[in-house]
Amino acid sequence: MELHLKYPKFSQKKMNKYLDTDTKRAALAASLSVVALMSYTGEKELKKCSGTIIEADNDVGIVLTSANLIRRPTDEEFVQNALADDLKVVVVPGDGQAYEGEICAFDFHYNLVAIRFKANSPLRSAKLRLVDDSVNINPQHGLGEETAFQLKRHSSLFKLFPGQAVIGIGRYFAEPYELMAAPGEFSLGCCDYDCKELFQALCRMTSCGDGGPLINQSGEVIGIAFYDIFQTPFLPINLVCKWWEHYKRHGELRRSFVAMQATNLYAADLELVDRIIRKFPSIYKGVIVEQVIPGSSLCVDDVIIECAGRAVHSFLELCEMMWDNVGDAVDLVVARADHDTLLKLKMTVTEATPDKLNRWHHWRR
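In this text, residue positions in the sequence shown follow the numbering used here: the first is 444, and each later residue adds one.
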């Protein structure tokens, strides 16, 4: 079977065949930091995917990609949380040179692996851009004023809102090792994954793009994208950076266990948002609880507006706060529609134990 049939390129999907100029510019801006990766168990081919050089020290690079690259093969619905036997990883930058990679760290909970490799020439790392997913739904923010979708003048964060253009990119593993791009947009839709920190983009990649970067139209990496047959789930770069920096500093992994399903207040049903705002007129940002585990002090439809003494503006911001407070009991301030005053609650941020690791779907090509 020809390679492009067994391992389709992005351009074999109709929506990726004719790329607009903005998409091409953005992909080219990120190109030098995008690599192809291949893994083997013994002499047997295991997986092909894409990755991002997030650090480069002259000719030595660190690549982040999907941990699916190194998992033990299975035919089950979910991939295994175990390393493949006799594992070998190969990294291929855009020049087509193949280099053996060394696994620095891996985490089946967040589906991430960091791989070190040494090239024959200087490498370039990606430009990373932290994300701000907060949206202010204050009705006073009219058309003539600064809207919730605009960046604050001195903000260094990339404002991410529904409909915002994003691009999944990857590199094909065979000659001519071409750059691939799948344009789409950020969506509010909920990914059907255990990992509650995942966001969703309406891009259509192929399996060769698993673990590649999700970029904005400036070519900045805003997340690590994972292959899915329906859409593109991605882990925001804010959490990816926390994961990697924690490992570098402490030599160990940190896994926050998110014991609820939640979303941004602006994404809730209009009727519920109306009830909250009528009861608490100053609340226009926050995180609304959609599902909780038994015994939680939180209730469905609670709006979290403060955590550990800091205002909560968005779901991603809450995830970052929880990460920073793993193992601690934090104070929450919550708005509950059937209460006249704000509630003060306690929540212990636990770490994911081996029996509570996220499951990840095993998608066939």
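Note that CB positions come from ideal geometry on N, CA and C, so glycine has one too.
Predicted model, so just to flag it, every value in this text is computed and none were measured.
What are the complete beta strand (DSSP E) segments, minimum 3 residues, inside the region 486-558? Here the runs fully enclosed are 487-500, 503-509, 530-535 and 542-550.
Three-way DSSP call (helix, strand, coil) for residue 652 in this model: In the three-state DSSP reduction, residue 652 falls in the helix class (H, G or I).
In chain order, which alpha helix (DSSP H) runs of at least 4 residues are fully inside the region 690-724? Annotation: the region 690-724 contains the following complete segments of the alpha helix (DSSP H) (minimum length 4 residues), in chain order: 713-722.
Residue interval of the alpha helix (DSSP H) (run including residue 750): No alpha helix (DSSP H) contains residue 750, which is instead part of the beta strand (DSSP E) from 746-750.
Assuming residue 790 is part of the alpha helix (DSSP H), what are its boundary residues? Looking at the DSSP string, residue 790 is not in any alpha helix (DSSP H); the run it does join, the beta strand (DSSP E), is 786-791.
Please go through the region 731-776 and give each complete alpha helix (DSSP H) segment of 4 or more residues, from N-terminal end onward. Taken in chain order, the complete alpha helix (DSSP H) segments of 4 or more residues contained in the region 731-776 are 758-767.
Pair within 8 angstroms by beta-carbon distance, residue 609 and residue 628: For residue 609 and residue 628, yes; Cβs fall inside 8 angstroms.
Residues bridged to residue 805 (per DSSP): When DSSP reads this structure, residue 805 sits in no beta bridge, so it has no partner.
Taking only three categories from DSSP, how would you classify residue 641? DSSP places residue 641 outside both helix and strand once states are collapsed to three, so it counts as coil.
Distance between beta carbons of residue 551 and residue 617, contact taken as under 8 angstroms: About 28 angstroms; that fails the 8 angstroms criterion.
Which residue marks the beginning of the beta strand (DSSP E) containing residue 675, and which one marks its end? In the DSSP assignment, residue 675 falls within the beta strand (DSSP E) that extends over 675-679.
In chain order, what residues of the same chain have a beta carbon less than 6 angstroms from the beta carbon of residue 793, not counting five sequence neighbours either side? Closer than 6 angstroms at the Cβ level, and outside the excluded window around residue 793, lie 700.
Using 8 angstroms as the threshold, is the C-beta distance between residue 730 and residue 713 below it? Cβ atoms of residue 730 and residue 713: not closer than 8 angstroms.
Name the one or two DSSP bridge partners that residue 622 has. DSSP output for residue 622 lists 614 as bridge partner(s).
Same chain, Cβ closer than 6 angstroms to residue 458, five either side skipped, listed in chain order: The residues are 647.
Sort out for me which residues DSSP pairs residue 608 with in a bridge. The partner list for residue 608 (beta bridge, DSSP) reads 628.
Whole-angstrom distance between residue 527 and residue 514, CA atom to CA atom: If you take the alpha carbons of residue 514 and residue 527, they lie about 5 angstroms apart.
Can you give the beta carbon distance from residue 622 to residue 537, rounded, assuming they're within the 8 angstroms contact cut? Rounded, the Cβ-Cβ distance is 7 angstroms, consistent with contact.
Where the alpha helix (DSSP H) through residue 464 begins and ends: Element bounds for residue 464: 464-473.
Are the CB atoms of residue 761 and residue 747 nearer to each other than 8 angstroms? Between residue 761 and residue 747, the gap from beta carbon to beta carbon is short of 8 angstroms.
Contacts around residue 456, its chain only, beta-carbon distance under 6 angstroms, and the 5 residues preceding and following it disregarded: For residue 456, where only same-chain residues beyond five positions count, the Cβ hits under 6 angstroms are 647.
Could you check the C-alpha separation between residue 586 and residue 661 for me, to the nearest Å? Note that residue 586 scores a pLDDT of 41, beneath 50, so its modelled location is shaky; the value from the coordinates is reported in the next line. Rounded to the nearest whole angstrom, the CA to CA distance from residue 586 to residue 661 is 26 angstroms.
Span of the beta strand (DSSP E), counted from its first residue to its last, around residue 477: Residue 477 -> beta strand (DSSP E) spans 477-484.
One question on the structure: do residue 548 and residue 504 come within less than 8 angstroms of each other, judged by their Cβ atoms? No, they are not a contact pair.
Alpha-carbon to alpha-carbon, residue 534 and residue 479: Distance between the alpha carbons of residue 479 and residue 534 is about 6 angstroms.
Output the distance between the C-alpha atoms of residue 466 and residue 642, rounded to the nearest integer angstrom. Each residue's Cα considered, the two are about 20 angstroms apart.
Would you kindly report the start and end of the unbroken beta strand (DSSP E) that includes residue 666? Residue 666 -> beta strand (DSSP E) spans 664-668.
With a threshold of 16 other CB atoms inside 10 Å of the CB of residue 688, please say whether the residue is buried or exposed. Answer is exposed; the Cβ neighbour count stays below 16.
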